[in-house]
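The numbering of the sequence shown is the working numbering, which starts it at 80 and goes up by one.
C-beta: ideal position from N, C-alpha, C; glycine also.
This structure is a prediction, so every number in the text was calculated from the model and none was measured.
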Amino acid sequence: MEESRYGLRVSLPLDYNDALDSTVDALKQEGFGVLTSIDVKQTLKQKLNKDFRRYTILGACNPTLASRALDRELEIGLLLPCNVIVYETEPGHSVVAAIAPVPALGIVGSRADLHDVAAEADQRLRRALEKLGRVEEDGGR
Numbered sequence: 080m081e082e083s084r085y086g087l088r089v090s091l092p093l094d095y096n097d098a099l100d101s102t103v104d105a106l107k108q109e110g111f112g113v114l115t116s117i118d119v120k121q122t123l124k125q126k127l128n129k130d131f132r133r134y135t136i137l138g139a140c141n142p143t144l145a146s147r148a149l150d151r152e153l154e155i156g157l158l159l160p161c162n163v164i165v166y167e168t169e170p171g172h173s174v175v176a177a178i179a180p181v182p183a184l185g186i187v188g189s190r191a192d193l194h195d196v197a198a199e200a201d202q203r204l205r206r207a208l209e210k211l212g213r214v215e216e217d218g219g220r
C-alpha cells in the first residue's frame with residue numbers, strides 16, 4: 080500500500096469491474112456501506128461529451144463511526160462519507176485509493192475528541208486496502 084499526504088492507494092492486477100466489486104466487499108468487511116457511487120466516466124460523457132477512463136467515486140460510511148463523529152461535531156458531516164476511488168489504469172489493472180481520515184481531520188484543527196474516531200476509520204480503511212493488496216501479491220489469484 081502506498082500513502083500520500085491525504086490518501087491510501089493500492090494497484091491491483093484486476094479488471095476494473097472485479098476491482099470495484101472487490102472494493103465494495105472489502106469495505107463491507109470493515110463495517111462500511113456504500114452510500115453513493117458516482118460513475119465519473121458516464122457523468123463526463125453525459126455532461127461534457129468527454130471520454131474518460133473507467134473511474135468510480137464511492138461514498139463509504141461506517142454508521143457507528145459517523146454517529147460518534149457527528150455527536151462530537153455537527154459540521155464534521157462536511158467530511159463524510161469517506162471517499163474511495165476505483166479506476167482503470169489499463170485493461171486488467173486498476174487502482175483503489177481512499178481518503179486517509181487522520182490527515183483529513185487536520186482540516187478541523189486539533190480536536191482530540193474526534194481523533195479516536197478518525198483513527199479507527201483510518202485503521203478500517205487501511206485493512207480494507209490491505210486485503211485488496213493481497214490480490215496484487217497473489218498475482219490476481
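>> For the structure I just gave you, are there three or more beta carbon pairs, one from the region 133–153 and one from the region 111–119, closer than 8 Å?
In response: They touch, by the three-pair rule.
> Could you give the residue range of the beta strand (DSSP E) that holds V113?
Replying inline: In the sequence shown, counting from the first residue as 1, residue 113 sits at position 34. 112–118 is the span of the beta strand (DSSP E), which, as asked, contains V113.
> What residues in its chain sit with their C-beta under 6 Å from that of D192, if we drop five residues either side in the sequence?
Replying inline: Sequence index remark: in the sequence shown, residue 192 carries index 113 (1-based). Annotation for D192: R151 place their beta carbon closer than 6 Å to its own, counting only its chain and skipping 5 residues before and after.
> V174 to I155, Cα distance in whole Å?
Replying inline: Within the sequence shown, the letter at position 95 stands for residue 174. Within the sequence shown, the letter at position 76 stands for residue 155. Spanning the two alpha carbons is a distance of roughly 27 Å.
> When burial is assigned at 16 or more other CB atoms within 10 Å of the CB, is R220 buried or exposed?
Replying inline: The residue given as residue 220 occupies position 141 in the sequence shown. Because the pLDDT of R220 is 45, which lies under 50, any placement of that residue in the model is unreliable, and the number read from its coordinates should be weighed accordingly. R220 is exposed by the Cβ-count criterion.
> Measuring CA to CA, which of G171, Q202, V165 is closest to P182?
Replying inline: To locate residue 182, count along the sequence shown from 1; it is residue 103. Relative to P182, the option among G171, Q202, V165 whose CA is nearest is Q202.
> Under three-state DSSP, which class holds Y85?
Replying inline: As a position in the sequence shown, residue 85 is number 6, starting the count at 1. Of the three classes helix, strand and coil, the one that applies to Y85 here is coil, per DSSP.
>> Rounding to the nearest angstrom, what Cα-Cα distance links I164 and K126 in this structure?
In response: In the sequence shown, counting from the first residue as 1, residue 164 sits at position 85. In the sequence shown, counting from the first residue as 1, residue 126 sits at position 47. Rounded to whole angstroms, I164 to K126 spans 20 Å at the Cα level.
>> Within a Cβ cutoff of 7 Å, which residues of the same chain sit near V119, ignoring the five residues on either side of it in sequence?
In response: By one-based count along the sequence shown, residue 119 stands at place 40. Result list for V119: F131, Y134, T135, I136, in chain order.
>> Here's the rule I'm using: 16 or more other beta-carbon atoms within 10 Å means buried, otherwise exposed. How should S189 be labelled?
In response: Reading the sequence shown from its first residue, position 110 is the one you call residue 189. Classification for S189: exposed.
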